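K.L.:
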Amino acid sequence: MSSTTQAKSASPFLQFFKQDARHFQIVYLSIFLIYGIFWLGWAGQHFESVTQYLLIIGVCLIAQAIGIHFTTKDFRGLKSALITALGLCLLCKANSSWTLVLAAATAIGGKYLIRYKGKHVFNPANMGIIMAIIISGLVNFSQYDRFVPDAWVSPGQWGSDVIMLFVLGAMGSIVLLRVGRLDTSLAFIGTFASLVILRDMVYLGETDWRIPFHTLTNGSLLLFTFFMITDPVTTPNAKWARIAWAVAIAVISFGLTIDAFSLDVRVHAAPIYTLFALAPITALLDRYFKGKKFSWYE
Amino acid sequence: MKQPIAFFLSICLLFSQTFAFCGFYVAKADASLFNNTSQVILARKGNKTTVTMQSDYEGDLKDFAMVVPVPEVLARDQIRVVDASIFEKLDSYSGPRLVEYYDQNPCGHQIVLYNMLPGAVNVGFGLGNAMSDSAFGVTVEAEYEVGEYDILILSAKESDGLETWLTRNGYKIPAKAASVLKPYIQNGMKFFVVKVNLENMTALGQQSLSPIQLTYHSDKFMLPIRLGMANAKADQDMIIYAFSNLGRIEPTNYRVVDIPTDREIPTFVQEEFGDFYKSLFKKAWACEDKEAVFTEYAWDLSEINPVKCDPCPFTPPTYTDLEEAGVFWIKPTLPDGSLNPDYNRVFMTRMHVRYNAERFPQDLSFQVTPNEKRFQGRYIITHSDIQSTDCEEGRPYLEKVVERREKEVRELRSLTGWTVKDNHAYLQEARAALSKTPEKKADKGNLFLLFLGENWPWGLPGIALMLVFHYLWSRRRKPYKAYKLI
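Chains as they are written, first to last, in my numbering: chain A, 1 to 298; chain B, 1001 to 1486.
(1) My understanding is that residue 1264 of chain B touches residue 1408 of chain B, with C-beta atoms under 8 Å, so please give their C-beta distance in whole angstroms.
(2) If you reduce the DSSP assignment to three classes, tell me which class residue 1069 of chain B lands in.
(3) By a C-beta neighbour count over all protein chains shown, 10 Å radius and 16 as the cutoff for buried, is residue 1226 of chain B buried or exposed?
(4) Beta-carbon separation of residue 1243 of chain B and residue 1327 of chain B under 8 Å?
(5) On the premise that residue 1350 of chain B lies in contact with residue 1288 of chain B, defined as a C-beta separation below 8 Å, what is that separation, rounded to the nearest angstrom?
(6) Per DSSP, residue 1145 of chain B is paired with what?
(7) Please state the DSSP three-state secondary structure of residue 1379 of chain B.
(8) Using a Cβ-Cβ cut-off of 8 Å, state whether residue 1331 of chain B counts as contacting chain A.
(9) Anyone know if the C-beta pair for residue 1044 of chain B and residue 1221 of chain B falls short of 8 Å?
(10) Can you find a CB in chain B that lies within less than 8 Å of the CB of residue 210 of chain A?
(11) To test your reading of the DSSP string, which unbroken beta strand (DSSP E) runs of 3 or more residues are found completely within the stretch 26 to 112 of chain A?
(12) Quick one: Cα of residue 87 of chain A to Cα of residue 16 of chain A, how far?
(13) Quick check on the DSSP output: the alpha helix (DSSP H) that includes residue 1238 of chain B runs from which residue to which?
(14) Is it the case that the Cβ atoms of residue 21 of chain A and residue 93 of chain A are separated by a distance below 8 Å?
(15) In this structure, how does DSSP classify residue 1043 of chain B when only helix, strand and coil are distinguished?
(16) State buried or exposed for residue 31 of chain A, treating a residue as buried only when at least 16 other CB atoms are found within 10 Å of its CB.
(17) Counting along the chain, where does the beta strand (DSSP E) carrying residue 1260 of chain B start and finish?
(18) Specify whether the stretch 69 to 79 of chain A and the stretch 192 to 199 of chain A touch according to this definition: at least 3 beta carbon pairs, one from each stretch, less than 8 Å apart.
(19) Quick one: grab the DSSP three-state call for residue 1052 of chain B.
(20) Any idea what DSSP makes of residue 1275 of chain B, helix, strand or coil?
(21) Give a yes or no on whether 8 Å exceeds the smallest Cβ distance from residue 1305 of chain B to chain A.
(22) Cβ-heavy atom distance between residue 1351 of chain B and the ligand MG below 7 Å?
(23) Would you tell me roughly how many angstroms separate the C-alpha atoms of residue 26 of chain A and residue 84 of chain A, rounded to the nearest one?
(24) Quick one: residues in its chain with C-beta nearer than 8 Å to the C-beta of residue 229 of chain A, no 5 flanking neighbours on either side, listed in chain order?
(25) Taking 8 Å as the CB-CB limit, is residue 157 of chain A close to chain B?
(26) Within 10 angstroms of the Cβ of residue 273 of chain A, are there 16 or more other Cβ atoms? Answer buried if so, exposed if not.
(27) In the DSSP assignment, find the beta strand (DSSP E) that holds residue 245 of chain A and state where it starts and stops.
(28) Looking at the secondary structure, which residues open and close the beta strand (DSSP E) in which residue 1347 of chain B lies?
(29) Report the residues of the stretch 138 to 151 of chain A with a CB closer than 8 Å to any CB of chain B, ordered along the chain.
(30) DSSP three-state label for residue 1169 of chain B, please.
(31) Helix, strand or coil for residue 1225 of chain B? Go by DSSP, reduced to three states.
(32) For residue 43 of chain A and residue 91 of chain A, which I take to be in contact (beta-carbon distance under 8 Å), what is that distance rounded to the nearest angstrom?
(33) Checking the sheet assignment: what are the DSSP bridge partners for residue 1195 of chain B?
(34) Against chain B, with Cβ distances strictly below 8 Å, would residue 93 of chain A count as a contact?
(35) Ends of the beta strand (DSSP E) at residue 232 of chain A?
(36) So, helix, strand or coil for residue 268 of chain A, using DSSP?
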């Protein structure tokens, strides 16, 4: 990149903004959140949830600041915490604010505590959601004598719209081209879409293309595809390992949602659970398939 | 003659030669109804689901028939008929409500009235028909007589076979139905086929058809709406009363939105509340791109919770009512005699969905969430007392009334899109009362009041602050540049 010529043409702010792909990610995720709050009515009619969103953001930033203080002392890492926080705001819901604090704290805590070869193992926002569900479920166990989680994911909260496919896809691609992880997204959504279309149009014999499309243009699925699974730090370093890993997540997620097999548990928001379950495999793949370790500052 | 309306789960086919009844509107004298509305009660715990479907079919009973896809071959004890009044109870209790308040008289009469209007919108509902050997790949898995119904449970190998079987047995199938049947067959679903046994009906002394309640185990938690849309052109409405032992039930493949609530509207809406809510729903539905499911009510109904609504339009359903509605987990003790941990866990969600094949291509799929946030669709009218306002407090009160009514009229317009002729009279009444009341003399000649309005004393600290700032500014060592220029 010829930085000297660019320095003259672009403003210093734009110059700074372009340096880090995370800036784009923060802006896009904030747009989604604002869209959700004001257009899709997530916050309800009295804006109670807005304080919850601020709480998640606050806890994530504080937890990250503490982490940075005891490790690298490089406070640029707070950007990652903000991305995690926005991801949690977009996906995780809970009755109690304590559950959200728990989600935010475990999301960031997991980054510092569960590491392998200098990389954290679990996708932070993903880890936060799953931990909030598991821990709140266990805490409630004493009260209800069974697993009653306090947190949940609403896969229908975005609705389904073809426009979403383009907007989320385009915004996601801008970020992913910069960090070089578009392959992961495309492998995941390509596999998932093929399976859904095969099931609906071939196996079930549907005649209307809107039926698979309705599943594939679901906002939560697209958000997961372009903004969660692609976290460059928690994906395998080698390109082909990454693609195989994304395909595996797609296949297992599809298996969990499918009607055709008679599974005891039908898992909504299946990709989120699958990503959590397959995260440790990243470490294994990195061991056998060598690739360049990702860094935000290059 | 009242006509039957399309029912969500059914294929609207007819048993004999009369034409399809789908798409008619039933208007009762006292309430306005949503066109093509069906009602269904869902109760879900673990992977066990109870579905109750109401039918107020009023055509010739020998023509009545209905086909419902079900996930398994149901045994006799998984099917029963229940009392139709349960739907009325749930509807009245959880429907959108109009609340009425009375202002205190500003000049002394201390009458505080608080009233609750039976504001629930009654919902009409309809029923389509359907009904109809192994030569076509169709197997009659079971055959029952339940209440006034003859019930068959069919399994099929292919949709063409099922279609032919139904046609041969006297059912008329809409053209699009076969393509809709295929995915259900491929998914291993069975078909629950109902028609009325006229002899049993007479023997039981039944005047109208009873709701049918089905219980089954399946990890699928869904409502098949596609069959009902197979030959329906118009939009259809469905009210879903959903019960869980955790929290709200929400759709997983469609967006769910709370209906606008807690809005203050003009008093004249009272007479036409049904129409008001109809317009409000239509506008909210259009605003959400015609593809959202609306929550109209969400509340904890367990016995441990004393407040069942705020305020209640009708008596909240009792545990006996809930058991009738299919809520199967609220026995005080378990079969082994131990205390039932779920005894005090019943959460009700009322959803209203208006659907058509264009915007709702897939069947409704649900999940039980831990979401315990309460919600009710509630609209407020406030009666003002503008008759005897000749005291000192009269004028400020009337000013507030005028302001409030203007706000209410704006609210009404934004909620329903109505531009009503009543608006003018409603505003004029308050304005006329205001103009008749003399202004307070003491207000005249107060310069502060002129510039700062009623709250003028609050302006004084501001003025003091400006003076202090001016003083500090003038004592600066460096003179202001403008002076130098001169």
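Note that beta-carbon positions come from the ideal geometry of N, C-alpha and C, so glycine has one too. Computed from a predicted model, the values in this text were never measured in an experiment.
P.N.:
For this structure:
(1) Between residue 1264 of chain B and residue 1408 of chain B the beta-carbon gap is near 5 Å, inside 8 Å, which marks them as a contact.
(2) Assigned with DSSP and collapsed to three states, residue 1069 of chain B falls in strand.
(3) Residue 1226 of chain B comes out buried.
(4) Result yes, Cβ atoms of residue 1243 of chain B and residue 1327 of chain B sit closer than 8 Å.
(5) Residue 1288 of chain B to residue 1350 of chain B, Cβ: 17 Å. No contact.
(6) Checking the DSSP bridge columns, you'll see residue 1145 of chain B partnered with B:1150.
(7) In the displayed model, residue 1379 of chain B falls within a strand according to three-state DSSP.
(8) No, residue 1331 of chain B lies away from the interface with chain A (no Cβ there is under 8 Å from its Cβ).
(9) It is a contact, given that the beta carbons lie within the stated cut-off.
(10) Residue 210 of chain A counts as touching chain B.
(11) Here the runs fully enclosed are 92 to 94.
(12) Approximately 23 Å, taken between the alpha carbons.
(13) Taken as a continuous stretch (DSSP letters only), residue 1238 of chain B belongs to no alpha helix (DSSP H), being part of the beta strand (DSSP E) at 1236 to 1244.
(14) With a cutoff of 8 Å on beta-carbon distance, residue 21 of chain A and residue 93 of chain A are scored as not near each other.
(15) DSSP places residue 1043 of chain B in strand when its eight states are reduced to three.
(16) A residue is called buried once 16 or more other Cβ atoms fall within 10 Å of its Cβ, and residue 31 of chain A, having fewer, is exposed.
(17) Here residue 1260 of chain B belongs to no beta strand (DSSP E), and DSSP marks it neither H nor E.
(18) At 8 Å Cβ cutoff, the stretches do not touch.
(19) Residue state, collapsed to three classes: strand.
(20) For residue 1275 of chain B, the secondary structure class from DSSP, reduced to helix, strand or coil, is helix.
(21) Residue 1305 of chain B does not count as touching chain A.
(22) By its list of ligands, the structure shown contains no ligand whatsoever, and the ligand MG lies outside what it can speak to.
(23) Each residue's CA atom was taken as its position, placing residue 26 of chain A and residue 84 of chain A some 9 Å apart.
(24) 123, 184, 185, 188, 235, 246, 249, 271 and 275.
(25) The beta carbon of residue 157 of chain A falls within 8 Å of a beta carbon belonging to chain B, placing the residue at that interface.
(26) With 16 or more Cβ atoms within 10 Å of its Cβ, residue 273 of chain A is classed as buried.
(27) From DSSP, residue 245 of chain A is part of no beta strand (DSSP E) but of the alpha helix (DSSP H) over 239 to 257.
(28) Element bounds for residue 1347 of chain B: 1347 to 1355.
(29) Going along the stretch 138 to 151 of chain A in chain order, one finds 144, 145, 146, 148, 149, 150 and 151 with a Cβ nearer than 8 Å to chain B.
(30) Reduced to three states, the DSSP call for residue 1169 of chain B is coil.
(31) Shown here, residue 1225 of chain B sits in coil according to DSSP, grouped into three states, outside any helix or strand.
(32) The beta carbons of residue 43 of chain A and residue 91 of chain A sit about 15 Å from each other, so the pair does not count as a contact at 8 Å.
(33) Bridge partners of residue 1195 of chain B: B:1065 and B:1150.
(34) At least one chain B Cβ lies under 8 Å of residue 93 of chain A.
(35) Run containing residue 232 of chain A: none; DSSP gives neither H nor E here.
(36) Correct three-state label for residue 268 of chain A: coil.
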